[in-house]
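Worksheet: one structure, shown below.
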Amino acid sequence: MRGLRLEQGSRSDSRIVNRFLSILDRLSASRRVSNLVYAFSVTFFFALVLLPPMFGILLKLDRAAEVFRDPALLGRSYSAISWSFILAFVVSALDLMSGIPLAWLIVRSNPKWGSIVDTLADIPFIIPTVALGFSTLLFWGSEGVASLFLGQAVLTPGLALVVLLHFVFSLPVVVRVMVGELSGYRETFEIAAKTLGAEPFTAVRTVTLPILRPSLVASFLLSFARSLSETGATIVVAGSFENGPVLIKNAKDAGLEGPLSFVSFTLIAGSAIAFLLIKHFGPKLRLPISRVWPETEKRLSRPNAVLARDLASLSIFIFVVIAPSLFVALPSLYALFDGTFMEALSSQGVWSTYWQSMMLSYVIGIIVTVTNMLIGMPMAVLIARRRLGKAATSMMDGLVNIPIVVPSVALGVSLGSFWRAIGILPEFWVLTISHLTITYTYFVRAMSAAIESVPIYLEDTARTLGARPLTVFRRIILPLTKYSLFAGAILTFTRSVDETGAAAAVSEKLKTLPVLLVDWVKGTVAVSRSTQSLGVGILVAVSFIGLLALRLVIRKRR
Amino acid sequence: MPSVKLVDIVKRFGAITAINRLSMEIADKEYVCILGPTGSGKTTLLRLFAGLTIPDEGEIYIDDKLVNKMPAEERGAVYVPQQYALFPHLTVLENVAFGPLARGVNEEEALRTAREMLEMMMLGHRADSKPDELSGGMQQRVALARGLATKAKLLLLDEPLGALDARLRVELRYKLRRLAEESGVTTIHVTHDQAEATAVSDRIAVLREGRIRQYATPFHVYMRPQSLFVAHFVGGANFLQAVVARRHLEESVLELHQGLKITVRDTTHLSAEEVVVVIREDRLNIAESADKVDSGSYNTIEGEIQSSRFLGSFVSHQIRLANGDMVMSKTPTQRLEKPMPVGKKVIVYFKPSDALVYSYPAIGLSRELRVL
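From first to last, the protein sequence lines are chains A and B.
Residues in the first sequence are numbered from 82 upward in steps of one, following this note's numbering.
Residues in the second sequence are numbered from 8 upward in steps of one, following this note's numbering.
And the structure:
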């Protein structure tokens, strides 16, 4: 009778817990109490997540105006902002072109091979982006595999490397969304089209893709937001190239408040507008389905054409995405044997700061995860069960997305501005609250989707059987969504630990691990290549443990 | 066990009025079926009884106690949705024990009750199974056992047999009725299947557009429908337009299309009034010739077979009457040697008392009969 016994425990401590739960259970039946919990959750969202960055950026508006007095700075700022949006657009388009065939391969090919590719696709997603940037830099650089044959670096830091890097870390987002959608897609539509005489390629183009259009738009949006927001890794591979986040970081390092504020404000406003435009017009975009080219599409449907497409998408995936992502493992392994590892273990030199930063990252990660779980849960219920009515719920649903749509470094600038203006919080807490703001959406989104998938009639029936709201939540909702709860918590934690942009913008003395690693790789703190590699390698190793936990949780759920 | 009363209930969802000034009473231990087409407000009505939906106007009484604001968990009205809502993460036994435990019964007693209920449903051997390991029929019995284990006063069944195959549905409807009787629970059973409703209920409430159109025993609803809609929705019937030609003391003569005259046992309509004659399909007989018509006082009309369908215990014929009207007739198989061939001339006959007469509806006949 697991899950049902709580109130019948015989030991005294469990009696106290049961009594406490029983009191809470009775309280939960009161509409006033449940309204209070929801009101607290909404207040928290506005007070700590949504409003501080808005006020923060308004406080900086007068500094932003300074840019207009310096044409050179203004030009540089405009150029960086434009590049941010161009880059996000181009990369998202490339992601869709490569991600859809790959997702197709994962879902429709041999399940065993599909599962392997599916697991590999998560790798760039789980590796902290700063590590991904370093690894990509090494792979394409003078120490990389390709240089062994060419005798020189294939790519040096700059725009091309930035495009490749953004492609690497945003492709998994598209693959993940499209694999989920294609798995749940009813193939009968496609079969019906084929029995009506359509070639397989035509059936997919004119039936499947139009039906999956909402997912295509969602993939594009997520990939767009991820590219727009990324900071740490971009700094590592940017060289002299500047997009918005890189300019913000450079301006902060140079003490240039004007461009820092101007670019942050424009990126926040611009990304919110772009997000709204894509969300509004994306679903209305008409795919070219009225024309059919029977001969061409017949050729494209032939087994050798399908094989060529699969090989091409697999090759891009392995050589452009996976190999550069994992390349850092080689110098990291080398560092294990050249004495660097012993230095690290004995906490000598820069390693003392490294371990402190790691501790700081994980402590913040734990605080942020626990807080988001406690505060985000009522918000997830509010959204999933539309407790505020259709219109207000829909509005909250949109507002909750803002922290992931807005570039995190810009968010960090405005958060830093706000909390420093308040002036009462020590830097540690400013840093923690910034991470909380950045990661809030991940937990709420994961949980609201999970709760939404639990049929409402289960709750209704449990209530008519005599269960009060808290009992329904504890005994029905929670057990049925526990895997999403774990997955949401792991996602929140890893996202917090990986966060670079906001942390770099907010921090003054304290440095989280990704911020420290950016300093190492960029040479702000002089360390050897071996130390850089091991530092990044340790972070990657810990992240892989996270990936493993996530996969285990998901596998158990399946 | 309770009596239940609804007084002038109104429930709106935005611009749509799902329940419109509805009043009804259900006696203690009564088994009532709410019958109506899709979108008639059946499920909303059930949720109002359960406390899962709050009425905008009107009062709900259980045992003469006003329960409008009483939360669902305190009403003692167990809701069993069409999908049964068995909790997928709990075993069958845990599912059945859920209600008693949630109501504060100690674990030992809750499990004992749950086991008893499962034995009663002949499912004791599946106590440790998970719901998805059971067949549809078993799941339905577990859902009922779970409801009854709470010692509920009121059982609310939303299309409880809807997800089962046809044969099991017929088999289980009688079990359902017997169980409700044995447990002494007041039952409200929502369905859109009129055969199911007539088979199990003490009374049927026919619902349309949030209003009750007739609330009576199955016999009365079938034999004396209060409106054309009820006649159409409950059991198959023929609808013929006519005008009252003459009224006598106990009978009237009606004129169908092309001057065809029939006699009906009805005097409630005025001469020259436009009416609709309703004749149940199973009350419309056919004979190969006039000399084979049963003895007695019948209306007889010549007709021609347009199609025939063998339905097991019945044979259904579609016949074009001499005036061009089309009718359906259901004849017990034992009365026919074989289905009549298409094109055969026949005599259609029926008793004047089997023809029900209604005023021609102001909204038109097809709109009045519309189910969706």
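Just so it is clear, CB atoms sit at the ideal spot from N, CA and C, and this is done for glycine as well.
Since the model is a prediction, treat every value here as computed from it, not as a measurement.
query = For R153 (chain B), is the classification buried or exposed, using 16 other Cβ atoms within 10 angstroms of its Cβ as the cut-off for buried?
reply = Here the question's residue 153 (chain B) lines up with position 146 in the second sequence. Per the 10 Å Cβ criterion, buried.
query = A3 (chain B): which of B:E37, B:H255, B:G48 and B:D200 sits nearest, CA to CA?
reply = Residue 3 (chain B) falls outside the range modelled here, since chain B spans only 8 to 379, and no answer is possible.
Unbroken beta strand (DSSP E) run spanning I24 (chain B), endpoints = Within the second sequence, numbered from 1, the residue matching residue 24 (chain B) stands at position 17. Position check: residue 24 (chain B) holds Thr in this sequence, whereas Ile was assumed. Per DSSP, T24 (chain B) belongs to the beta strand (DSSP E) from I23 to I33.
inquiry  = According to DSSP, F357 (chain B) sits in a beta bridge with which residue or residues?
reply    = On the second sequence, residue 357 (chain B) is found 350 positions in, with the first residue counted as 1. Checking the DSSP bridge columns, you'll see F357 (chain B) partnered with B:N306.
ask   = Going along chain B in order, which residues have a C-beta closer than 7 Å to the C-beta of I557 (chain A)?
value = Looking up residue 557 (chain A) in the first sequence gives position 476. Neighbours of I557 (chain A) on chain B, chain order: F94.
key: Per-residue DSSP class, three states only, for T157 (chain B)   = Here residue 157 (chain B) refers to the residue found at position 150 when the second sequence is read from its first residue. Coil.
Limits of the beta strand (DSSP E) - the one that F121 (chain A) falls within = Locating residue 121 (chain A) in the first sequence gives position 40, where the first residue counts as 1. No beta strand (DSSP E) contains F121 (chain A), which is instead part of the alpha helix (DSSP H) from R112 to F125.
task = Have a look at B:T338, B:V11, B:S315 and B:G310 and flag the residue whose alpha-carbon is nearest the alpha-carbon of M347 (chain B).
result = Position 340 of the second sequence, counting from 1, holds the residue named residue 347 (chain B). Per the Cα distances, B:S315.
ask   = Hey, is V85 (chain B)'s beta-carbon within less than 8 Å of any beta-carbon in chain C?
value = This model lacks chain C altogether; the protein chains it does include are A and B.
message = Does the distance between the C-beta of L161 (chain B) and the nearest non-hydrogen atom of the ligand HEM fall short of 7 Å?
response = The ligand content of the structure shown is nil, which means the ligand HEM is not present either.
L55 (chain B) versus F101 (chain A) - alpha carbon distance = As a first step, residue 55 (chain B) is located in the second sequence; it is residue number 48 there, counting from the start. As a first step, residue 101 (chain A) is located in the first sequence; it is residue number 20 there, counting from the start. Going from the Cα of L55 (chain B) to the Cα of F101 (chain A) covers about 32 Å.
inquiry  = Taking a contact to mean a Cβ-Cβ separation below 8 Å, would you say V192 (chain B) touches A249 (chain B) in this structure?
reply    = As a working mapping, residue 192 (chain B) is identified with position 185 in the second sequence. As a working mapping, residue 249 (chain B) is identified with position 242 in the second sequence. Their beta carbons are not under 8 Å apart, which means V192 (chain B) does not touch A249 (chain B) by this criterion.
ask   = Are the C-beta atoms of L539 (chain A) and some chain B residue less than 8 Å apart?
value = Taking the first sequence and counting its residues from 1, one reaches residue 539 (chain A) at position 458. Yes - at least one Cβ of chain B is within 8 Å of the one on L539 (chain A).
request  = Would you be able to state if there are at least three C-beta pairs under 8 Å between the region 607-615 of chain A and the region 332-341 of chain A?
outcome  = no
query = What separation, rounded to the nearest whole angstrom, lies between the Cα atoms of A527 (chain A) and M259 (chain A)?
reply = Locating residue 527 (chain A) in the first sequence gives position 446, where the first residue counts as 1. Locating residue 259 (chain A) in the first sequence gives position 178, where the first residue counts as 1. Their Cα atoms are separated by approximately 17 Å.
task = Decide yes or no for the touch test of the region 321-330 of chain A against the region 271-281 of chain A: beta carbon pairs closer than 8 Å, at least 3 of them.
result = Contact between the region 321-330 of chain A and the region 271-281 of chain A is absent, because fewer than three Cβ pairs lie under 8 Å.
inquiry  = So if I threshold CB-CB distances at 7 Å, which residues from the region 463-487 of chain A count as touching chain B?
reply    = If the cut-off is 7 Å between Cβ atoms, the region 463-487 of chain A has nothing near chain B.
Proximal residues, the region 65-80 of chain B versus chain A, C-beta separation under 9 Å = P78, A79 and E80
key: Contiguous alpha helix (DSSP H) assignments of at least 4 residues, all confined to the region 222-307 of chain A   = Fully enclosed alpha helix (DSSP H) runs of 4 or longer: 226-231, 240-265, 269-276 and 281-284.
inquiry  = Counting only Cβ pairs nearer than 9 Å, list the residues of chain B close to A110 (chain A).
reply    = For the purposes of this step, residue 110 (chain A) is identified with residue 29 of the first sequence, where counting begins at 1. Ordered by position in chain B, the residues that pass the 9 Å Cβ test against A110 (chain A) are P78, E80 and E81.
ask   = Between the region 424-441 of chain A and the region 479-498 of chain A, do three or more beta carbon pairs fall short of 8 Å?
value = no
ask   = Would you say A548 (chain A) faces chain B, with C-beta separation under 8 Å as the test?
value = Start at 1 with the first residue of the first sequence, and residue 548 (chain A) comes out as number 467. Yes, contact with chain B.
request  = Apply the 10 Å Cβ neighbour rule to G217 (chain B) and answer buried if 16 or more other Cβ atoms are within range, or exposed otherwise.
outcome  = Along the second sequence, read from residue 1 onward, the residue named residue 217 (chain B) stands at position 210. Buried, since its Cβ has 16 or more Cβ neighbours within 10 Å.
request  = Mind the definition here: the region 286-297 of chain A touches the region 366-377 of chain A only if three or more C-beta pairs lie below 8 Å; say whether that holds.
outcome  = Yes, the region 286-297 of chain A is in contact with the region 366-377 of chain A.
query = So the beta strand (DSSP E) F246 (chain B) belongs to, where does it begin and stop?
reply = By one-based count along the second sequence, residue 246 (chain B) stands at place 239. F246 (chain B) -> beta strand (DSSP E) spans A244 to R254.
ask   = For the region 52-65 of chain B, which residues have a beta carbon sitting closer than 9 Å to at least one beta carbon of chain A?
value = Per Cβ criterion, the list reads R54, A57, G58 and L59.
ask   = Is the region 296-314 of chain A close to the region 257-273 of chain A, with three or more CB pairs under 8 Å?
value = yes
Rounded distance between the beta-carbons of T593 (chain A) and I445 (chain A), thought under 8 Å = Here residue 445 (chain A) refers to the residue found at position 364 of the first sequence. Here residue 593 (chain A) refers to the residue found at position 512 of the first sequence. Yes, I445 (chain A) and T593 (chain A) are in contact; Cβ-Cβ is about 7 Å, under 8 Å.
ask   = Can you name, in chain order, every residue of its own chain whose Cβ lies under 7 Å from the Cβ of I485 (chain A), other than the five neighbours on each side?
value = Your numbering for residue 485 (chain A) matches position 404 in the first sequence. Excluding positions up to five away in sequence, the list reads A306 and T522.
query = How would you call E140 (chain B), buried or exposed, if buried means at least 16 neighbouring beta carbons within 10 angstroms?
reply = On the second sequence, residue 140 (chain B) is found 133 positions in, with the first residue counted as 1. The residue in question, E140 (chain B), is exposed, as its Cβ has fewer than 16 Cβ neighbours within 10 Å.
inquiry  = For a test of the three-state rule: what should DSSP assign to N292 (chain B), helix, strand or coil?
reply    = Along the second sequence, read from residue 1 onward, the residue named residue 292 (chain B) stands at position 285. Shown here, N292 (chain B) sits in a strand according to DSSP, grouped into three states.
task = Check Q265 (chain B) in the structure and name its three-state DSSP category.
result = In the second sequence, residue 265 (chain B) corresponds to position 258, counting from 1. Note: Q265 (chain B) maps to helix in three-state DSSP.
task = Can you have a look at K352 (chain B) and say buried or exposed, based on whether 16 or more other CB atoms are within 10 angstroms of its CB?
result = Position 345 of the second sequence, counting from 1, holds the residue named residue 352 (chain B). So K352 (chain B) counts as exposed.
query = Going by alpha carbons, who is nearest to L42 (chain B) out of B:A294, B:E258 and B:T198?
reply = What you label residue 42 (chain B) is simply residue 35 of the second sequence in a count that begins at 1. That would be B:T198, whose Cα lies nearest to the Cα of L42 (chain B).
ask   = From G350 (chain B) to L155 (chain B), what distance separates their C-alpha atoms?
value = Along the second sequence, one-based indexing puts residue 350 (chain B) at 343. Along the second sequence, one-based indexing puts residue 155 (chain B) at 148. Answer to the nearest angstrom: the Cα atoms are 56 Å apart.
inquiry  = Rounded to the nearest angstrom, what separates S323 (chain B) and K337 (chain B) at their Cα positions?
reply    = In the second sequence, residue 323 (chain B) corresponds to position 316, counting from 1. In the second sequence, residue 337 (chain B) corresponds to position 330, counting from 1. Near 5 Å, if we compare the C-alpha coordinates of K337 (chain B) and S323 (chain B).
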